[in-house]
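Numbering (my numbering), first residue to last: 286 to 585.
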């Protein structure tokens with residue numbers, strides 16, 4: 286009996302590594318994975334070094350404006366044209382990349398941390414903890430997301446990217462927590478977890494060594510998709526006038542400024558919207574590919 290439990294424990298320890306190798310073997314055969322990853326890598330590079338990249342086009346400072354050259358269409362010296370104040374649209378788009386990605390990643394990480402703690406506790410412990418956390422998520426899900434965010438953001442004195450990220454995370458974690466709870470609950474009832482329990486391992490060791498490595502795969506794929514959704518939410522709130530404010534630079538701010546000038550200066554709206562669309566589509570595509578790869582039925 287002891288040898289059987291030890292064998293089951295060894296198999297459970299090797300399972301995450303074997304699953305990771307299978308997922309990678311599936312991903313690397315899919316061209317769409319490399320395309321979306323390449324696009325996101327370029328965007329990450331832009332976010333890390335917007336100044337040097339903007340300098341390649343002759344406009345390293347997004348706040349260097351010429352009022353006499355406002356709403357200039359794309360051309361020599363300004364590949365994306367200029368905005369209402371005569372600022373270079375390309376420089377603003379490049380610097381806005383870092384802000385949008387920061388909000389998307391920060392919000393998702395905070396959401397994931399909250400959801401991981403509560404979802405794991407609810408799924409593994411069950412009982413009164415599960416019931417209490419379920420009622421808590423029901424309360425948060427009862428608030429309309431945009432309305433709740435608008436009310437809170439109108440009440441804060443300074444709407445910085447960090448503040449906006451925390452507000453978005455505060456109202457976004459319940460759905461992810463429910464997904465983690467269901468995934469943990471399914472793994473908790475598996476044979477290798479029962480074998481680890483029979484061997485007398487502590488609950489902490491079982492959770493970190495056996496439950497989470499086998500439960501978080503599908504959740505990570507959903508979290509990747511969530512980054513794109515958060516970026517859209519930030520742009521929507523900023524467009525509505527309750528998101529970021531100057532001197533912050535973001536795609537949402539550019540879209541909000543350009544909305545009244547689309548007919549006479551469409552480039553002011555087109556290029557920020559193009560970068561926003563490419564980013565969100567790449568993130569959602571990558572999340573869908575990861576979800577399919579993590580599903581054994583999707584490995585072909």
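C-beta atoms are modelled at their ideal positions from N, C-alpha and C, and glycine is treated no differently.
Just so it is clear, the structure is predicted and the values come from calculations on it, not from any experiment.
Cα-Cα separation, residue i to residue j
i           : j           : result
residue 274 : residue 445 : Any question about residue 274 goes unanswered here, given that the chain covers just 286 to 585.
residue 577 : residue 499 : 16 Å
residue 354 : residue 433 : 40 Å
residue 356 : residue 552 : 9 Å
residue 341 : residue 349 : 16 Å
residue 328 : residue 485 : 48 Å
residue 473 : residue 363 : 58 Å
residue 305 : residue 505 : 13 Å
residue 286 : residue 396 : With a pLDDT of 46 at residue 286, under the threshold of 50, the modelled position of that residue is not reliable, and the figure given next carries that caveat. Residue 286 and residue 396: Cα-Cα distance of roughly 42 Å.
residue 339 : residue 494 : 46 Å
residue 550 : residue 567 : 27 Å
residue 501 : residue 371 : 48 Å
residue 333 : residue 386 : 10 Å
Among the options, the one whose alpha carbon lies nearest that of residue i
i           : options            : result
residue 447 : 333, 561, 391      : 391
residue 519 : 458, 428, 435      : 435
residue 509 : 331, 439, 570, 309 : 570
residue 369 : 493, 559, 540      : 540
residue 462 : 403, 386, 563      : 403
residue 479 : 467, 361, 492      : 492
residue 449 : 557, 535, 358      : 535
Bounding residues of the alpha helix (DSSP H) (the contiguous stretch that carries residue i)
i           : result
residue 363 : Segment: none, residue 363 is in no alpha helix (DSSP H) and carries neither H nor E.
residue 348 : Looking at the DSSP string, residue 348 is not in any alpha helix (DSSP H), and its letter there is neither H nor E.
residue 315 : From DSSP, residue 315 is part of no alpha helix (DSSP H); its letter is neither H nor E.
residue 479 : 476-483
residue 397 : 374-410
Residue-chain proximity (residue i, chain D), Cβ-Cβ < 8 Å
i           : result
residue 508 : Here chain D cannot be found, since the structure has a single protein chain.
Proximal residues to residue i (C-beta, below 6 Å), its chain only, five neighbours per side dropped
i           : result
residue 406 : 414
Contacts around residue i, its chain only, beta-carbon distance under 7 Å, and the 5 residues preceding and following it disregarded
i           : result
residue 437 : 452
residue 565 : 513, 516, 517
residue 335 : 379, 380, 382, 383
residue 430 : 456
residue 425 : 456, 459
residue 401 : 465
residue 579 : 308, 502, 503, 506
Cut-off 8 Å between Cβ atoms - residues of its own chain near residue i, not counting five sequence neighbours on either side
i           : result
residue 487 : none
**Item:** Cβ pair count under 8 Å reaching 3, the segment 563-576 against the segment 313-329
**Value:** As far as the Cβ criterion goes, the segment 563-576 touches the segment 313-329, which means the pair count is three or higher.
**Prompt:** With contact counted as at least three CB pairs below 8 Å, one residue from each stretch, are the segment 371-380 and the segment 418-434 in contact?
**Reply:** No, the segment 371-380 does not touch the segment 418-434.
**Given 8 Å, three or more beta-carbon pairs between the segment 538-552 and the segment 519-528** = Yes: the two stretches touch, three or more of their Cβ pairs being nearer than 8 Å.
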